[in-house]
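Protein chains in written order, with numbering that gives the first Met the number 0: chain U, 0 to 296; chain V, 0 to 305.
Read the structure below first, then the notes.
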Amino acid sequence: MKSSEIDATVSPVYTIEESFHDNAWQRLKMNRLAIVSLVFLILLSIICAIATWIAPYPYDLQNLAIGASSPSIRHWFGTDILGRDLLTRLLYGGQISLLVGLCATMVSLLIGVPYGMFSGYCGGKTDAFMMRIVDILYTLPFTILVIILMVVFGRNFLLLFAAIGAVEWLTMARIIRGDVLAVKEQTFIKAAVVLGLSQSRIIFRHILPNVLGTIIVYTTLTIPKVMLLEAFLSFLGLGVQPPMSSWGLLIRDGAEVMESHPWLLIFPGIIFSVTLFALNRLGDALRDALDPRFNKT
Amino acid sequence: MLKFVARRLLQIVPVLLIVITITFFLIRLAPGGPFTDEKKYPPEVIECRNAYYGLNDSLPMQYLHYLGNVVKGNLGPCLQYRNRTVNEVIKETFPISFELGCWAMIYALALGLVFGIIAALRPNTLLDHIPMAAAMTGICLPAFVLGPLLILVFGLWLGLFNASGWEMATDRILPAITLGSVYAAYIARLSRSSMLEILPMDYIRTARAKGASELRVIVCHALKNAAIPVVSFLGPAFAGIVTGSFVVETIFQIPGMGKMFVTAAFNRDYFLLLGLIVFYAGLLVALNLIVDIVLVWLNPKIKIEA
């Protein structure tokens with residue numbers, strides 16, 4: 000937040016705080032690839048969300064007569080073994096995958112970031128204690144946990160989010176904690192302490208911007224991980240059940256027949272990859288734009 | 000330093016105790032038992048087996064009995080694999096998973112760090128986009144896609160490697176790439192991000208002004224601080240990677256530990272699952288201790304108390 004960065008002629012009446020975010024948006028807009036990614040992600044979310052109305056076929060409509068057919072005019076992306084239209088299934092699967100990715104990542108973010116920052120900032124015995132708790136949680140057998148949750152709560156979609164998010168925050172917490180341990184020893188934090196700033200102000204206004212880069216990058220890495228974990232859980236029986244599907248499940252099914260029906264792997268793979276590319280491009284651009292020291296515009 | 004290490008090593012004891020306690024009762028909560036499978040044994044046989052393995056005692060008694068055995072270093076018998084103890088299973092499978100994990104980690108670190116550094120040196124140019132796109136491919140192609148794909152191309156079409164198995168030295172290559180690609184992507188992106196944060200700092204300019212070579216500036220000055228998030232990530236990642244991957248071991252038919260984790264959970268092989276988790280927990284705590292030591296070495300200003 001160096002005031003020297005701010006072009007006084009553009010934003011003469013802003014406070015320093017506002018102009019920093021304004022500047023960040025300016026810098027983000029300069030990154031054309033990031034804007035393309037953003038537009039793509041928004042469009043994709045909308046298309047998947049309204050799949051019920053725009054999809055060419057019902058997602059569970061089987062056509063055993065044609066079976067697995069390669070892409071054609073009637074079925075742009077071809078059909079699967081049971082003759083179901085792949086494009087339709089991708090659109091519906093996108094609903095599940097995007098929702099799982101977003102919600103579970105939010106859960107892991109909301110637990111992991113405050114936990115890691117608090118642990119790192121307090122340091123000492125508190126840090127040791129909090130990190131041992133993380134160690135213990137790491138070792139709990141995830142498969143067994145999922146089976147028990149399924150027995151207790153039944154097949155509940157919301158539970159899937161909670162279960163995934165509750166596992167994914169651990170690494171996030173450890174990484175943030177490591178960063179905070181290093182940042183809090185820098186001189187400007189010492190200065191903030193000497194100035195008598197409140198703890199929450201130091202944590203949120205001075206430490207948070209300096210670990211934001213790591214947070215954003217790890218968040219964009221968590222989303223694909225969560226989407227694939229969802230495929231694994233669905234495979235175990237918790238979560239998405241056939242005939243419903245998700246991207247992870249479609250890719251998994253496609254991988255099994257990649258030699259005989261390659262399009263069943265290629266199309267879900269491409270959609271999944273392009274989404275992740277866009278997400279990560281956007282994440283990197285956001286990271287660059289929000290970096291307080293990154294002066295290149 | 001010695002005191003720190005000693006205290007942290009002592010902390011393994013309560014951590015293991017809590018892990019054992021939670022897991023012990025947690026797996027008993029799951030429905031089904033080790034001998035309730037599709038073969039439908041007569042109840043007398045199940046009764047007899049339960050008695051043999053001491054599964055008829057009250058739970059607290061079983062728990063105390065198990066704890067006593069663990070203290071003696073005996074992790075108990077396997078319920079599914081007759082005549083084998085959990086200790087034997089770990090002794091047989093861990094070295095394989097460990098070797099595979101090490102190769103995968105070396106591959107991931109080399110690729111990830113090089114890509115991350117190159118990308119950070121020239122942000123938003125082709126030199127940034129191409130390595131990052133390559134790294135992202137590692138995430139987009141999950142193991143159950145990448146593994147069969149590599150087998151298809153390098154094993155069957157080009158005939159360079161065996162499609163599966165764990166006999167020759169070259170058998171390590173495809174599984175290591177399959178297992179390591181995701182980690183390479185994580186390392187590349189984490190290191191790019193933190194390198195970008197470190198490179199504009201004053202002390203890097205100072206190092207350049209002193210006339211240090213570019214390589215020295217990057218490796219000795221910048222990377223040492225930029226590696227902090229990567230190192231934090233590596234602790235749990237390494238523990239996960241050397242205890243095996245179910246998917247990779249299944250695809251390449253490797254007799255490793257990852258398969259044991261999943262089959263033990265599904266077969267309700269109580270002692271095997273508990274034993275594996277105790278082993279994993281010990282490894283994880285030890286690795287996180289190493290991570291904390293490395294963090295302090297990378298940045299001596301960091302203070303960590305035990």
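Even for Gly, the Cβ is constructed at its ideal location relative to N, Cα and C.
Values in this document were obtained by computation on a predicted structure and should not be read as measured data.
Where residue i meets chain U, residues with beta-carbon distance less than 7 Å
i       : result
C77(V)  : Within 7 Å Cβ-Cβ: nothing; C77(V) doesn't reach chain U, min ~16 Å.
P228(V) : I174, G177, D178 and T213
Listed by chain order, chain V residues near residue i by CB distance under 9 Å
i       : result
N22(U)  : Neighbours of N22(U) on chain V: none; closest Cβ ~16 Å, over 9 Å.
R173(U) : S231, F232, G234, P235, N287 and V290
T51(U)  : Simply none; closest approach about 27 Å.
V150(U) : L28, A29 and P30
is_contact[residue i, chain V] using C-beta, thresh 7 Å
i       : result
F276(U) : yes
D59(U)  : no
N279(U) : yes
S272(U) : yes
S3(U)   : Reliability of the predicted coordinates at S3(U) is poor, the pLDDT of 43 falling under 50, and the value obtained from them is presented with this limitation in mind. Chain V contact via Cβ: absent.
P140(U) : yes
L220(U) : yes
G123(U) : yes
V182(U) : no
L289(U) : no
T296(U) : Note that T296(U) scores 38 on pLDDT, short of 50, meaning its location in the model is unreliable and no value can be drawn from it.
L90(U)  : no
D134(U) : yes
A165(U) : no
L227(U) : yes
I143(U) : yes
A127(U) : yes
Y114(U) : no
Per-residue contacts from residue i into chain V (C-beta, under 8 Å)
i       : result
P208(U) : Per Cβ cutoff of 8 Å: no residues; P208(U) is ~11 Å from chain V at best.
P223(U) : I138 and C139
I72(U)  : Under the 8 Å cutoff, chain V gives no residues; its nearest Cβ is about 28 Å from I72(U).
I147(U) : L25, L28 and A29
Cutoff 7 Å: residue i Cβ touching any chain U Cβ
i       : result
N298(V) : yes
E304(V) : yes
C219(V) : no
F143(V) : yes
I105(V) : no
P174(V) : no
L120(V) : no
P147(V) : yes
I89(V)  : no
I240(V) : no
I162(V) : In the sequence as displayed, the identity of residue 162(V) is Ala instead of Ile. With 7 Å as the cut-off, A162(V) does not count as an interface residue toward chain U.
A133(V) : no
G154(V) : no
V301(V) : Position check: residue 301(V) holds Ile in this sequence, whereas Val was assumed. Chain U contact via Cβ: present.
L294(V) : yes
A208(V) : no
G179(V) : no
Chain U residues whose Cβ lies nearer than 8 Å to that of residue i
i       : result
P82(V)  : A quick correction: the sequence has Asn, not Pro, at residue 82(V). Under the 8 Å cutoff, chain U gives no residues; its nearest Cβ is about 25 Å from N82(V).
L151(V) : M257 and E258
Any non-hydrogen atom of the ligand PLP closer than 6 Å to residue i Cβ
i      : result
I34(U) : Ligands displayed in this structure: none; no statement on the ligand PLP is therefore possible.
Under 7 Å from the C-beta of residue i: neighbouring residues of chain V
i       : result
T300(U) : No information on residue 300(U) is available, as it lies outside the stretch 0 to 296 that chain U covers here.
V216(U) : R188, L189 and S192
R286(U) : S192
R131(U) : Q10 and V14
- Message: Quick check: the segment 52 to 66 of chain V against the segment 219 to 239 of chain V, are at least 3 beta-carbon pairs closer than 8 Å?
- Response: By the C-beta criterion, the segment 219 to 239 of chain V is judged not to be in contact with the segment 52 to 66 of chain V, since fewer than 3 inter-stretch pairs fall below 8 Å.
- Scan the segment 142 to 217 of chain V and note each continuous alpha helix (DSSP H) run of 4 residues or more that stays entirely inside, going in chain order. Uninterrupted alpha helix (DSSP H) stretches at least 4 residues long and entirely within the segment 142 to 217 of chain V occur at 142 to 149, 172 to 197 and 201 to 208, given in chain order.
- Please name the residues in the segment 240 to 267 of chain U whose beta-carbon is closer than 9 Å to at least one beta-carbon of chain V, in chain order. Flagged, chain order: G247, I250, R251, G253, A254, E255, M257, E258 and L264.
- Any chance you could list the alpha helix (DSSP H) runs of at least 4 consecutive residues sitting entirely within the segment 54 to 114 of chain U, in chain order? Within the segment 54 to 114 of chain U, no complete alpha helix (DSSP H) run reaches 4 residues.
- Message: With three or more C-beta pairs closer than 8 Å as the rule, is the segment 194 to 214 of chain V touching the segment 237 to 245 of chain V?
- Response: Too few Cβ pairs lie closer than 8 Å, so no.
- Unbroken stretches of the alpha helix (DSSP H), 4 residues or longer, contained in the segment 174 to 239 of chain U: Annotation note: the segment 174 to 239 of chain U contains the following uninterrupted alpha helix (DSSP H) runs of length 4 or greater, listed N- to C-terminal: 186 to 193 and 207 to 235.
- Message: Any C-beta of chain U within less than 8 Å: which residues of the segment 185 to 203 of chain V qualify?
- Response: Contacts with chain U (Cβ-Cβ distance below 8 Å) from the segment 185 to 203 of chain V involve Y185, R188, L189, R191, S192, S193, L195, E196, P199 and M200, listed in chain order.
- Would you say the segment 105 to 113 of chain V touches the segment 81 to 88 of chain V, given that touching needs at least three Cβ pairs under 8 Å? The segment 105 to 113 of chain V is not in contact with the segment 81 to 88 of chain V.
- Item | the segment 270 to 289 of chain U touching the segment 35 to 43 of chain U, judged by at least three CB pairs closer than 8 Å | Contact holds: three or more Cβ-Cβ distances are below 8 Å.
- Query: For the segment 21 to 37 of chain V, which residues have a CB atom closer than 7 Å to at least one CB atom of chain U, in sequence order?
  - Reply: So the close ones are I21, T22, L25, I26, L28, A29 and P30.
- Item | Under 8 Å (Cβ pairs) to chain U, residues found in the segment 273 to 285 of chain V | Cβ contacts with chain U: I276, Y279, A280, L283 and V284.
- Contained alpha helix (DSSP H) runs [length at least 4] in the segment 215 to 290 of chain V, N- to C-terminal order: Scanning the segment 215 to 290 of chain V from its first residue to its last, the whole alpha helix (DSSP H) runs of 4-plus residues come out as 222 to 225, 227 to 241, 245 to 251 and 256 to 266.
- Message: Check whether the segment 190 to 199 of chain U and the segment 53 to 67 of chain U are in contact - that is, three or more C-beta pairs closer than 8 Å.
- Response: The count of Cβ pairs closer than 8 Å, one atom from the segment 190 to 199 of chain U and one from the segment 53 to 67 of chain U, stays below three, leaving the stretches out of contact.
- Query: Does the segment 130 to 146 of chain U touch the segment 255 to 264 of chain U, meaning 3 or more C-beta pairs lie closer than 8 Å?
  - Reply: The segment 255 to 264 of chain U is not in contact with the segment 130 to 146 of chain U.
- Residues, ordered as in the chain, of the segment 6 to 18 of chain V that lie near chain U by beta-carbon distance below 7 Å: For chain U, the residues of the segment 6 to 18 of chain V that bring a beta carbon within less than 7 Å of one of its beta carbons are Q10, V14, I17 and V18, in chain order.
- Message: Three or more C-beta pairs under 8 Å: does that hold for the segment 228 to 235 of chain V against the segment 130 to 150 of chain V?
- Response: Three or more beta-carbon pairs separated by less than 8 Å are not found between the segment 228 to 235 of chain V and the segment 130 to 150 of chain V, which leaves the two stretches without contact.
- Query: Which residues, in order along the segment 248 to 270 of chain V, keep a beta-carbon less than 7 Å from a beta-carbon of chain U?
  - Reply: Among the residues of the segment 248 to 270 of chain V, those with a Cβ less than 7 Å away from any Cβ of chain U are V261 and A264, in the order of the chain.
- Query: On the three-pair Cβ rule with 8 Å, is the segment 156 to 170 of chain V touching the segment 112 to 122 of chain V?
  - Reply: Contact between the segment 156 to 170 of chain V and the segment 112 to 122 of chain V is absent: fewer than 3 CB-CB pairs across the two stretches fall below 8 Å.
- Query: What residues in the segment 22 to 38 of chain U have a beta carbon less than 9 Å from any beta carbon of chain V?
  - Reply: Residues passing the 9 Å Cβ filter: N30 and L32.
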